[in-house]
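Remember, the working numbering sits 23 above the position in the sequence shown when you count from 1. This report refers to the structure that appears directly beneath it.
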Amino acid sequence: TTVRVLLYSHQKIATSDIECDRVHYAVNIIQFLFLVYHSNPHLMPIFMGQEVLTALANTLFPATSEPPTPADEVFHSGENPKDVLEGNHPIQEASAVGHPAHKFVMDFIRFIIVDSLSLPVTAKVTPPLDIVLECSGDMVNLSDQSRIQTEVLGALMD
Numbered sequence: 024t025t026v027r028v029l030l031y032s033h034q035k036i037a038t039s040d041i042e043c044d045r046v047h048y049a050v051n052i053i054q055f056l057f058l059v060y061h062s063n064p065h066l067m068p069i070f071m072g073q074e075v076l077t078a079l080a081n082t083l084f085p086a087t088s089e090p091p092t093p094a095d096e097v098f099h100s101g102e103n104p105k106d107v108l109e110g111n112h113p114i115q116e117a118s119a120v121g122h123p124a125h126k127f128v129m130d131f132i133r134f135i136i137v138d139s140l141s142l143p144v145t146a147k148v149t150p151p152l153d154i155v156l157e158c159s160g161d162m163v164n165l166s167d168q169s170r171i172q173t174e175v176l177g178a179l180m181d
């Protein structure tokens, strides 16, 4: 939750040392989790679990948003229907894409998913890729969810 709030509360340009520290704090948290993941192989099942992956994927969604209604999705999306059909979603102002920690979160998710692909699949455990793709934040609109899913799949294909 801390990383999620920091990702969406950043300023365009950090003007003070406190703001710079706040920007780098989210990066440091993700780098620490990455270090723990790589240096302790026995913790891999925990990082590939539902709770951790859901929390990590939810950092990509806005921390607070109004609950969308079906009418909001259709009539008030602010997007050109042609752009939606072609998959051209403009990056919204509440997006964390510009935050330095966003890249680290995406890389961490990508590493976990790629590592999970070499493990045997069991009927009892949901694959990490499915967990990440099914995440939808607390209350998020369809365009944000599809944007994040596209980002995750794009990162996996790179």
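C-beta atoms are modelled at their ideal positions from N, C-alpha and C, and glycine is treated no differently.
So what does DSSP say about His122, is it helix, strand or coil?
Here residue 122 corresponds to residue number 99 of the sequence shown, with the count starting at 1. If DSSP states are grouped into helix, strand and coil, His122 belongs with coil.
For a test of the three-state rule: what should DSSP assign to Met71, helix, strand or coil?
Residue mapping note: residue 71 aligns to position 48 of the sequence shown, counting from 1. In this structure, Met71 counts as coil in the three-state DSSP scheme.
Do you know whose CA, among Val75, Tyr48, Val46, lies nearest Tyr60's CA?
Reading the sequence shown from its first residue, position 37 is the one you call residue 60. Distance from the Cα of Tyr60 is smallest, within the candidate group Val75, Tyr48, Val46, for Val75.
State the DSSP-derived secondary structure class of Gly177, mapped to helix, strand or coil.
Numbered from its first residue, the sequence shown carries residue 177 at position 154. Reduced to three states, the DSSP call for Gly177 is helix.
Tell me whether Gln172 sits in a helix, a strand or coil according to DSSP, three-state version.
Position 149 of the sequence shown holds residue 172. Helix.
Measuring only the C-alpha atoms, how far is Phe57 from Ile132?
Reading the sequence shown from its first residue, position 34 is the one you call residue 57. Reading the sequence shown from its first residue, position 109 is the one you call residue 132. Taken atom to atom, the span from the alpha-carbon of Phe57 to that of Ile132 is near 10 Å.
Looking only at C-alpha atoms, which of His65, Lys126, Val175, Leu165 sits nearest to Val50?
As a first step, residue 50 is located in the sequence shown; it is residue number 27 there, counting from the start. The candidate whose alpha carbon is nearest that of Val50 is Lys126.
For Ser139, is the classification buried or exposed, using 16 other Cβ atoms within 10 angstroms of its Cβ as the cut-off for buried?
Walking along the sequence shown from the start, residue 139 turns up at place 116. When all chains shown are included, Ser139 counts as buried.
Can you name, in chain order, every residue of its own chain whose Cβ lies under 7 Å from the Cβ of Val144, other than the five neighbours on each side?
Reading the sequence shown from its first residue, position 121 is the one you call residue 144. Once the five neighbours on either side are set aside, the close Cβ partners of Val144 are Pro150.
Quick check: what's the CA-CA separation for Leu176 versus Gln168?
The count along the sequence shown starts at 1 and reaches residue 176 at position 153. The count along the sequence shown starts at 1 and reaches residue 168 at position 145. Straight-line Cα distance between these residues: approximately 12 Å.
Measure the alpha-carbon distance for Ser141 versus Ile171 and round it to whole angstroms.
Locating residue 141 in the sequence shown gives position 118, counting from the first residue. Locating residue 171 in the sequence shown gives position 148, counting from the first residue. C-alpha of Ser141 to C-alpha of Ile171: approximately 24 Å in a straight line.
In or out: His122 buried (at least 16 other Cβ within 10 Å) or exposed?
For the purposes of this step, residue 122 is taken as the residue at position 99 of the sequence shown. The residue in question, His122, is buried, as its Cβ has 16 or more Cβ neighbours within 10 Å.
Considering only C-alpha positions, which residue in the set Met129, Met67, Val46, Gln54 is nearest to Asn81?
Against the sequence shown, residue 81 aligns to sequence position 58. The candidate whose alpha carbon is nearest that of Asn81 is Met129.
Take Met180 and list the residues in its own chain whose beta-carbon comes closer than 6 Å to its own, dropping the five residues that flank it on each side.
Taking the first residue of the sequence shown as position 1, residue 180 is located at position 157. Within the same chain, Met180 has no close Cβ partners at all.
Answer with buried or exposed for Val163, where buried requires no fewer than 16 other C-beta atoms within 10 angstroms of its C-beta.
Taking the sequence shown and counting its residues from 1, one reaches residue 163 at position 140. Result: buried.
In whole angstroms, what separates the C-alpha of Ser62 from that of Pro85?
As a first step, residue 62 must be located in the sequence shown, where it is residue number 39. As a first step, residue 85 must be located in the sequence shown, where it is residue number 62. C-alpha separation (whole angstroms): 30 Å.
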